[in-house]
Amino acid sequence: ECVCAAFQSTSGSSVANGHRADVGTSSITRRPFYVVCDYGSVDALCEADAVRPDSPRKRRKLNKADDYGDGKLQAEEALADAVTTGEEHYACKHKRSGTSTDNFVTPQLDNFVTPQLPCCKLPFQVVSLRLPDVIGPFDDTGRLWAYWLWLHSGEPILVSDRDAAQPLAVVFSGDVARFIEGLLSLETTTKKGGSFEPEDRSRDHLQSTSSPKQESSRLMGREKFTRTSSLKDDIRAVNLGCTSQPYLQDHLQTLRKCITRRLNKELGARGVANTDKNGSNISSIAAAVSSTYIAPVREAHEASQASKNYKPDEPRPRATPQFLPSVNRMVPLDFSRLREEFDWFQPTLLPEVYAQCDAFFQKAVEKYPSELRHAFRKLPRRVRDKLLVNAPFLKDLAADLASSSDDSTSSSSHSETTSEDETEVKKGI
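For the sequence shown, our numbering begins at 3 and goes up steadily by one.
Spelled out as structure tokens, the structure:
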């Protein structure tokens, strides 16, 4: 059994080469690469839409626009080729011919039953997990933690008009672990001819009255594609993520609600006492969080125009730095296969995901100062300065974080993102 994170074609080949003698499940976790594919006009992106353009020129253009996604797709293509290729495997050829290899270490082929030659297919099932932006505890990107800090500042968050109209798909890190655990719990055994049948480990949610072969097909998602895909059916891909895909501003509002709910719960539990163990004023923190204005730029502009203090020569508000999403994709992901073919798995609901993230970030402020600085540096300078004044839970790290506010503001990966001279939005709009 193997779990691998693949970033380029050599990663997929390494999985194939290193596990020819193994039997199990190989899962490649990664960000979806549909940006480099020619999926045409669809309502949602399903697994079969991983089709590269026929035009070499368009391929080069898309690959250049997202070389990271190109490398991910190459990894899956390499693994798919290793599963279905009719060519004899490099190590097996040298094993039979008796020749040595200088740059390849043969992986314990003494106990390996060679498949029918010349075909040398991998002796295990392969499931590829296509993940959107991953959020959750211990996220070392600091993106969601930066937003969590921003919400404590009371400073507005203005989402660019493009991102405000883009469905944002995310996956909870805990769900990825649970899904892989579910796959690996389906113990596979090798039969003659290379067939695979899961052996039940008495897990109630995996039991079925169907035949072993039917059960293997259902659990591993081995149903035919509904569309033509450039990838072979021997490698089973699945979009894994929270089925709800709201816009960025809606995600942030959900996170804000979770923070406010926790703070109000703390206030109710403390009764008259209005401070936490660090002396932080919970009421003032809750007020700052609840007052943080979150809206698309267009909505903020319209609200500003409707304000009594609006002046015709007032500049249009500009988008603040944004950390999510990591890719520009105006089409949502299709999770039909996850629901129908892997129906033993239920993704965590978004409100619960953000509640767990909020609980983690609250404790992480004290436990992980280095990671806190990383998230803090992502924020615009005016937000950092406001946090140092209005966030008493940062007081023990204020001197250290103050030095961070001398660093240049991290910019967003989106073209709409602006530097720190973005237009200030008046409170109350």
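Each residue gets a CB set at the ideal place from its N, CA and C atoms; glycine is no exception.
Nearest-angstrom Cβ-Cβ length linking residue i and residue j, presumed shorter than 8 Å
i    : j    : result
G71  : V38  : 5 Å
A52  : Y36  : 7 Å
Q168 : P353 : About 21 Å; that fails the 8 Å criterion.
H253 : L170 : 6 Å
P349 : T256 : Going by Cβ atoms, the distance from P349 to T256 rounds to 15 Å, so no, they are not a contact pair.
V333 : F174 : That belief does not hold up - the Cβ atoms of V333 and F174 are roughly 22 Å apart, past 8 Å.
Residue i versus residue j: straight-line alpha-carbon distance, rounded
i    : j    : result
F362 : L186 : 27 Å
E183 : G176 : 11 Å
F395 : V367 : 8 Å
A288 : L390 : 16 Å
A297 : R318 : 14 Å
V178 : G138 : 10 Å
S66  : R263 : Going by the sequence as given, residue 66 is Lys instead of Ser. Distance between the alpha carbons of K66 and R263: 44 Å.
D141 : K313 : 43 Å
V291 : L381 : 16 Å
A305 : V129 : 48 Å
Y92  : D69  : Confidence in Y92 is poor, its pLDDT being 43 and thus under 50, which makes the residue's placement too unreliable to answer from.
R62  : K267 : 54 Å
K388 : W150 : 14 Å
R145 : A50  : 30 Å
L374 : L399 : 10 Å
I237 : R180 : 20 Å
Y249 : Y370 : 30 Å
L75  : A148 : 29 Å
G1   : A357 : It is not possible to answer for residue 1, since the shown part of the chain is limited to 3 through 431.
L269 : S285 : 8 Å
C260 : K60  : 44 Å
Endpoints, beta strand (DSSP E) assigned at residue i
i    : result
F174 : V172 to F174
P58  : Per DSSP, P58 belongs to no beta strand (DSSP E); it is in the alpha helix (DSSP H), P58 to A67.
V136 : D135 to I137
R238 : I237 to N241
For residue i, the first and last residue of its enclosing alpha helix (DSSP H)
i    : result
D165 : D163 to A166
D387 : R383 to N392
A50  : First-last for A50: undefined, no H or E at that position.
A297 : No alpha helix (DSSP H) holds A297; the beta strand (DSSP E) holding it covers I296 to P298.
V38  : No alpha helix (DSSP H) contains V38, which DSSP labels as neither H nor E.
At 4 residues or longer, what runs of the alpha helix (DSSP H) sit wholly inside the segment 330 to 373?
Fully contained in the segment 330 to 373 are the following alpha helix (DSSP H) runs of length 4 or more, in chain order: 338 to 343 and 352 to 369.
Do three or more CB pairs link the segment 147 to 162 to the segment 335 to 347 at distances below 8 Å?
As far as the Cβ criterion goes, the segment 147 to 162 does not touch the segment 335 to 347, which means the pair count is below three.
Does the count of Cβ pairs from the segment 239 to 248 and the segment 130 to 139 closer than 8 Å reach three?
Yes: at least three Cβ pairs fall under 8 Å.
Is the segment 158 to 171 in contact with the segment 310 to 323, if contact means three or more CB pairs nearer than 8 Å?
At 8 Å Cβ cutoff, the stretches touch.
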